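Novice: As given, the protein sequences belong to chains A and B, one line each in that order. Its first residue numbered 1, the first sequence is counted upward by one per residue in this note's numbering. Its first residue numbered 319, the second sequence is counted upward by one per residue in this note's numbering.
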Amino acid sequence: MEAQIKVKRFNPENESESFFQDYSIDVAEDSTILDGLIKIREELDGTLALRCSCRASICGSCSMKVNGSAKLVCKTRIKEVSLEGEPVIVEPMSNFPVIKDLVTEMDLFWSKVKSVDPYVKTNFEPEAEHIVSNESMTHLLGVMNCIMCGACVSECTALEVDPTFTGPAALAKAYRFVADPRDEDKKNRLGKLNENTGVWDCSRCLACVEVCPKDVAPMERIVKMRDLAIEEGYTNTSGYRHTESFSDSIKKHGRLDETRLALESTGLLNISGLIDLAVIGIKSLFKGKIPPPLPHKPKEADKVTSIARRLDSQETEE
Amino acid sequence: MKFAFYPGCVARGAAPELYKSTMLVVDKLGIELEEIEKAACTGAGVLQEKNQKLGDVLNIRTLALAEQMGLSVMTICSTCQGVISQANHRVVNNPEYLEEINKELEKEGLHYSGKTEVKHLLWILLEDIGIQKLQDMFSIDLSSFNFAPFYGCYLIRPSDALGITENPKRKHSLDIVIESTGALATDYAGKTRCCGFPILLINQKNSLKMVAKHTGDAKDNGADAMVTPCPLCHLNLDGYQAKARRQNKRGKADLPILHLPQLIGMAMGLDPKELGINKHLVSTANFIKSIKTKVS
Numbered sequence: 001m002e003a004q005i006k007v008k009r010f011n012p013e014n015e016s017e018s019f020f021q022d023y024s025i026d027v028a029e030d031s032t033i034l035d036g037l038i039k040i041r042e043e044l045d046g047t048l049a050l051r052c053s054c055r056a057s058i059c060g061s062c063s064m065k066v067n068g069s070a071k072l073v074c075k076t077r078i079k080e081v082s083l084e085g086e087p088v089i090v091e092p093m094s095n096f097p098v099i100k101d102l103v104t105e106m107d108l109f110w111s112k113v114k115s116v117d118p119y120v121k122t123n124f125e126p127e128a129e130h131i132v133s134n135e136s137m138t139h140l141l142g143v144m145n146c147i148m149c150g151a152c153v154s155e156c157t158a159l160e161v162d163p164t165f166t167g168p169a170a171l172a173k174a175y176r177f178v179a180d181p182r183d184e185d186k187k188n189r190l191g192k193l194n195e196n197t198g199v200w201d202c203s204r205c206l207a208c209v210e211v212c213p214k215d216v217a218p219m220e221r222i223v224k225m226r227d228l229a230i231e232e233g234y235t236n237t238s239g240y241r242h243t244e245s246f247s248d249s250i251k252k253h254g255r256l257d258e259t260r261l262a263l264e265s266t267g268l269l270n271i272s273g274l275i276d277l278a279v280i281g282i283k284s285l286f287k288g289k290i291p292p293p294l295p296h297k298p299k300e301a302d303k304v305t306s307i308a309r310r311l312d313s314q315e316t317e318e
Numbered sequence: 319m320k321f322a323f324y325p326g327c328v329a330r331g332a333a334p335e336l337y338k339s340t341m342l343v344v345d346k347l348g349i350e351l352e353e354i355e356k357a358a359c360t361g362a363g364v365l366q367e368k369n370q371k372l373g374d375v376l377n378i379r380t381l382a383l384a385e386q387m388g389l390s391v392m393t394i395c396s397t398c399q400g401v402i403s404q405a406n407h408r409v410v411n412n413p414e415y416l417e418e419i420n421k422e423l424e425k426e427g428l429h430y431s432g433k434t435e436v437k438h439l440l441w442i443l444l445e446d447i448g449i450q451k452l453q454d455m456f457s458i459d460l461s462s463f464n465f466a467p468f469y470g471c472y473l474i475r476p477s478d479a480l481g482i483t484e485n486p487k488r489k490h491s492l493d494i495v496i497e498s499t500g501a502l503a504t505d506y507a508g509k510t511r512c513c514g515f516p517i518l519l520i521n522q523k524n525s526l527k528m529v530a531k532h533t534g535d536a537k538d539n540g541a542d543a544m545v546t547p548c549p550l551c552h553l554n555l556d557g558y559q560a561k562a563r564r565q566n567k568r569g570k571a572d573l574p575i576l577h578l579p580q581l582i583g584m585a586m587g588l589d590p591k592e593l594g595i596n597k598h599l600v601s602t603a604n605f606i607k608s609i610k611t612k613v614s
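1) Determine which residues of the stretch 141-163 of chain A have a Cβ less than 9 angstroms from any Cβ of chain B, and write them out in chain order.
2) I'd like to confirm the pairing. Which residues does DSSP put opposite lysine 6 of chain A in its beta bridges?
3) Measuring straight from C-alpha to C-alpha, what distance separates isoleucine 520 of chain B and lysine 570 of chain B?
4) Compare the C-beta of lysine 356 of chain B against all C-beta atoms of chain A and say whether one is closer than 8 angstroms.
5) Using alpha carbons as the reference points, say which of A:Asp183, A:Val223, A:Asp215 and A:Thr266 lies closest to serine 238 of chain A.
6) Kindly indicate which three-state DSSP category serine 431 of chain B falls into: helix, strand or coil?
7) Straight-line CA distance for valine 529 of chain B to glycine 470 of chain B?
8) Scan the stretch 512-528 of chain B for residues whose Cβ lies nearer than 7 angstroms to a Cβ of chain A and list them as they occur along the chain.
9) Please classify phenylalanine 20 of chain A as buried or exposed, where buried requires at least 16 other C-beta atoms within 10 Å of its C-beta.
10) Hey, how far is the Cα of valine 211 of chain A from the Cα of threonine 611 of chain B?
11) Just to make sure I have the definition right: I need the residues of chain B whose C-beta is within less than 7 angstroms of the C-beta of proline 213 of chain A. Which are they?
12) Just to confirm my understanding: we take threonine 305 of chain A, look at its own chain, exclude 5 residues before and 5 after, and list those with CB closer than 7 angstroms. What are they?
13) So, under 8 angstroms CB-CB, valine 113 of chain A and alanine 170 of chain A are touching, yes? Tell me the CB distance rounded to an integer number of Å.
14) If we count Cβ pairs, one from each stretch, closer than 8 angstroms, do we get three or more for the stretch 48-68 of chain A versus the stretch 91-108 of chain A?
15) Compare the Cα-Cα distances from leucine 34 of chain A to each of A:Leu72, A:Gly60, A:Gly46 and A:Arg182 and report the closest residue.
16) Considering only C-alpha positions, which residue in the set B:Ile496, B:Lys597, B:Pro325 and B:Lys509 is nearest to glutamine 453 of chain B?
17) Name, in chain order, the residues that DSSP records as bridge partners for phenylalanine 465 of chain B.
18) Please report the distance separating the alpha-carbon of proline 405 of chain B from that of proline 413 of chain B.
19) On the DSSP letters alone, give me the boundaries of the alpha helix (DSSP H) that serine 94 of chain A sits inside.
20) Taking lysine 346 of chain B as the reference, give the member of B:Ile582, B:Leu599 and B:Phe605 with the closest Cα.
21) Using a Cβ cut-off of 8 angstroms, pull out every chain A residue sitting near glycine 481 of chain B, in sequence order please.
22) Since asparagine 524 of chain B and aspartate 162 of chain A are thought to touch, with beta carbons under 8 angstroms apart, how far apart are those beta carbons, to the nearest angstrom?
23) Where in the stretch 204-272 of chain A do unbroken runs of the alpha helix (DSSP H), each at least 4 residues long, occur, reported from the N-terminal end onward?
24) Counting pairs of Cβ atoms below 8 angstroms between the stretch 566-580 of chain B and the stretch 332-350 of chain B, do you hit three or more?
25) Are asparagine 539 of chain B and threonine 504 of chain B touching if we call contact CB-CB under 8 angstroms?
26) Since asparagine 604 of chain B meets chain A, which of its residues come closer than 9 angstroms, beta carbon to beta carbon?
27) Give a yes or no on whether 8 angstroms exceeds the smallest Cβ distance from phenylalanine 10 of chain A to chain B.
28) Assuming serine 69 of chain A is part of the beta strand (DSSP E), what are its boundary residues?
29) Determine, using beta carbons only, whether arginine 564 of chain B comes closer than 8 angstroms to chain A.
30) So the beta strand (DSSP E) tyrosine 324 of chain B belongs to, where does it begin and stop?
31) From which residue to which residue does the alpha helix (DSSP H) around isoleucine 520 of chain B run?
32) Counting along the chain, where does the beta strand (DSSP E) carrying histidine 598 of chain B start and finish?
This is the structure we're talking about:
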């Protein structure tokens, strides 16, 4: 089968800007994109730089953008992404500096992983194996599947605007130890993750969940840690106030009280934030949009509030 | 064609022009709506951070109420659609969990079979009305315009919960609908990215960087306006555009942000003011003028 592969090329030693180069190669029907790229490098263009190792979606080194979103190219067949023989567009991952062509610089990625202390911390020196029950570890199975390929980081919409954000891969790794039954540093870990660049900076866009080739679901781990941080008593964040106010509003009225949510999340002592809100409010008034002073309630709102009360107490019992 | 209607909190609150333009447009489309008046807020993923089961019970309750009405559900908010779809996906794929949720609903005399369909107006245009029939209802030629699609995260991801594998066109639905009006759908990277609204009240600086980037990029790529099926995206992209563009040195707030039914209504020849296009915080005066001059 003839495959068209369009590769984003960049060599900082010779070029000031990246450009796309088209390759046409003959490959087997079931070839992966990585097979195609290797064939290009071996037979057509020895200058093409790419990174790969295991070729079996275990090592995580061949993450690249394929038709706009990050994938392991060893796991993706050409036919899957080029149904009618259209060119497959291959680019280096986003949110990483490019070293050459499809090879990205991973230093910042690894330093963020290291920043979450990715190892079990205990207050004692175990004399033998530290044995825990299977059941107490099952919730970590998914997150342990992470192969550190960086696909989630490439897609992360928060990192796109703020490179200091810890990011989905390192935060998923943090969860792996925060939620480990053997770890005794949970409170400190959560305290650190509760600060700026930590769990509250995630925009909950689900991009990491969508692209992860191993179903690690980093965002779900991040929001879980928000809840765990609150349980540990870290409540001095606008993130906490936002979640509390939102949940409260639904529990009390069945629907969202937008005005109260904006005020409470901003914080009633945050004067500049409140002025900011007032400006938007006044502008809306001028456009004839009057924010509802009272929350709108569904019919028989008491049904919703009693469900909320019931499930809230269920959760507390658990 | 009749649907159980779930308007969501924002269309009833901060974006009344979305509610109004939806009503005008569905009337023309021949869609009859019956509002699910007892339905609660979806929780928007925020409630779910604290208590996912509570969120699931409330959303499955909405689907059970629709089942009682014997109707599929129509939403007009990407976030509502996504959050209800996610809850539905969880129970449909886990019969034990569905039973657990049904136990809660039984106390109110409700039951969910797992079969209620829930669809955003955008998908209904594509799948139930059909592009051909939709175009037959358009009376205004918008071919000299360029509209930037902005989907809203929860209408795009996670694709398995949103039925995108079975209905691959949903992935490009907004581009398709924009192009059906004769207009060009702006090609720019931001259309499936995050608008920043979920972190507006948590990390405003980052949130506004997102607004500035997407509105600025859309404008640089030739957009006359942006169209979104999500009122939460609208709140940020419209309400905070001036501050975001200023703070991030991306020029003035010059990109009007339209709700999806406002675009459809315009193509149908409805009065822009009736559709509430003049209600947005980014000025739409020049845009409305250009519509009137270019099409007359």
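Beta carbons are placed, not taken as given, at the ideal position from N, Cα and C, and that holds for glycine. Computed from a prediction, not measured in an experiment: that's the story for all the values here.
Specialist: On the basis of the data shown:
1) Of all residues in the stretch 141-163 of chain A, Thr157, Ala158, Glu160, Val161 and Asp162 have a Cβ within less than 9 angstroms of some Cβ in chain B.
2) By one-based count along the first sequence, residue 6 of chain A stands at place 6. Answer by DSSP bridge pairing, in chain order: A:Asp22 and A:Ile89.
3) Looking up residue 520 of chain B in the second sequence gives position 202. Looking up residue 570 of chain B in the second sequence gives position 252. Answer to the nearest angstrom: the Cα atoms are 24 angstroms apart.
4) Here residue 356 of chain B is taken as the residue at index 38 of the second sequence, counted from 1. By the rule that beta-carbons nearer than 8 angstroms mark a contact, lysine 356 of chain B touches chain A.
5) Position 238 of the first sequence, counted from the start, is the residue given in the question as residue 238 of chain A. Of all alpha-carbon atoms in A:Asp183, A:Val223, A:Asp215 and A:Thr266, the one lying nearest the alpha-carbon of serine 238 of chain A is that of A:Thr266.
6) Your numbering for residue 431 of chain B matches position 113 in the second sequence. It is coil, neither helix nor strand.
7) Mapped onto the second sequence, residue 529 of chain B falls at position 211. Mapped onto the second sequence, residue 470 of chain B falls at position 152. Looking at the two C-alpha atoms, the distance is approximately 12 angstroms.
8) Those residues of the stretch 512-528 of chain B that come within reach of chain A (Cβ to Cβ, closer than 7 angstroms) are Cys512, Gly514, Pro516, Ile517, Leu519, Ile520, Asn521, Asn524, Lys527 and Met528.
9) For the purposes of this step, residue 20 of chain A is identified with residue 20 of the first sequence, where counting begins at 1. Under this definition phenylalanine 20 of chain A is an exposed residue.
10) Here the question's residue 211 of chain A lines up with position 211 in the first sequence. Here the question's residue 611 of chain B lines up with position 293 in the second sequence. Per the coordinates, the alpha-carbon of valine 211 of chain A lies some 45 angstroms from the alpha-carbon of threonine 611 of chain B.
11) For this step, residue 213 of chain A is matched to residue 213 along the first sequence. By Cβ distance, chain B contributes nothing, its closest Cβ being about 14 angstroms from proline 213 of chain A, past 7 angstroms.
12) Translated into positions along the first sequence, residue 305 of chain A becomes position 305. Correct list, in chain order: Lys251, Lys252 and Gly254.
13) If you number the first sequence from 1, residue 113 of chain A lands on position 113. If you number the first sequence from 1, residue 170 of chain A lands on position 170. Their Cβ separation, rounded to whole angstroms, is 5 angstroms, which keeps valine 113 of chain A and alanine 170 of chain A in contact under 8 angstroms.
14) Flag = yes, the stretch 48-68 of chain A and the stretch 91-108 of chain A touch.
15) Position 34 of the first sequence, counted from the start, is the residue given in the question as residue 34 of chain A. The residue from A:Leu72, A:Gly60, A:Gly46 and A:Arg182 with its alpha-carbon nearest to that of leucine 34 of chain A is A:Leu72.
16) For the purposes of this step, residue 453 of chain B is taken as residue 135 along the second sequence, with counting starting at 1. The residue with the shortest Cα to Cα distance from glutamine 453 of chain B is B:Ile496.
17) The count along the second sequence starts at 1 and reaches residue 465 of chain B at position 147. For phenylalanine 465 of chain B, which the question treats as bridged, DSSP gives the partners B:Ala503 and B:Ala543.
18) Along the second sequence, read from residue 1 onward, the residue named residue 405 of chain B stands at position 87. Along the second sequence, read from residue 1 onward, the residue named residue 413 of chain B stands at position 95. Here the sequence assigns alanine to residue 405 of chain B, which means proline is not the residue at that position. One Cα belongs to alanine 405 of chain B, the other to proline 413 of chain B, and the distance between them is close to 13 angstroms.
19) Within the first sequence, numbered from 1, the residue matching residue 94 of chain A stands at position 94. First-last for serine 94 of chain A: undefined, no H or E at that position.
20) By one-based count along the second sequence, residue 346 of chain B stands at place 28. Comparing Cα positions, the closest option is B:Ile582.
21) Looking up residue 481 of chain B in the second sequence gives position 163. Residues of chain A whose Cβ lies closer than 8 angstroms to the Cβ of glycine 481 of chain B do not exist; the shortest such Cβ separation is about 14 angstroms.
22) Looking up residue 524 of chain B in the second sequence gives position 206. Looking up residue 162 of chain A in the first sequence gives position 162. Rounded, the Cβ-Cβ distance is 5 angstroms, consistent with contact.
23) Counting only runs that start and end inside the stretch 204-272 of chain A, the alpha helix (DSSP H) elements of at least 4 residues fall at 207-211, 218-231, 238-253 and 258-266.
24) Judged by Cβ distances under 8 angstroms, the stretch 566-580 of chain B makes contact with the stretch 332-350 of chain B, as three or more pairs qualify.
25) Within the second sequence, residue 539 of chain B is the residue found at index 221, counting from 1. Within the second sequence, residue 504 of chain B is the residue found at index 186, counting from 1. Their beta carbons are under 8 angstroms apart, which means asparagine 539 of chain B touches threonine 504 of chain B by this criterion.
26) For the purposes of this step, residue 604 of chain B is identified with residue 286 of the second sequence, where counting begins at 1. Neighbours of asparagine 604 of chain B on chain A: none; closest Cβ ~16 angstroms, over 9 angstroms.
27) The count along the first sequence starts at 1 and reaches residue 10 of chain A at position 10. No, no contact with chain B.
28) Against the first sequence, residue 69 of chain A aligns to sequence position 69. It spans 69-72 - the beta strand (DSSP E) in which serine 69 of chain A sits, taken as one unbroken run.
29) By 1-based counting over the second sequence, the position of residue 564 of chain B is 246. No, its Cβ sits nowhere closer than 8 angstroms to a Cβ of chain A.
30) As a position in the second sequence, residue 324 of chain B is number 6, starting the count at 1. Where tyrosine 324 of chain B is concerned, the enclosing beta strand (DSSP E) starts and stops at 320-324.
31) Working through the second sequence from its first residue, we reach residue 520 of chain B at position 202. Per DSSP, isoleucine 520 of chain B is not a residue of any alpha helix (DSSP H), being assigned neither H nor E.
32) For the purposes of this step, residue 598 of chain B is taken as residue 280 along the second sequence, with counting starting at 1. In the DSSP assignment, histidine 598 of chain B falls outside any beta strand (DSSP E), carrying neither H nor E.
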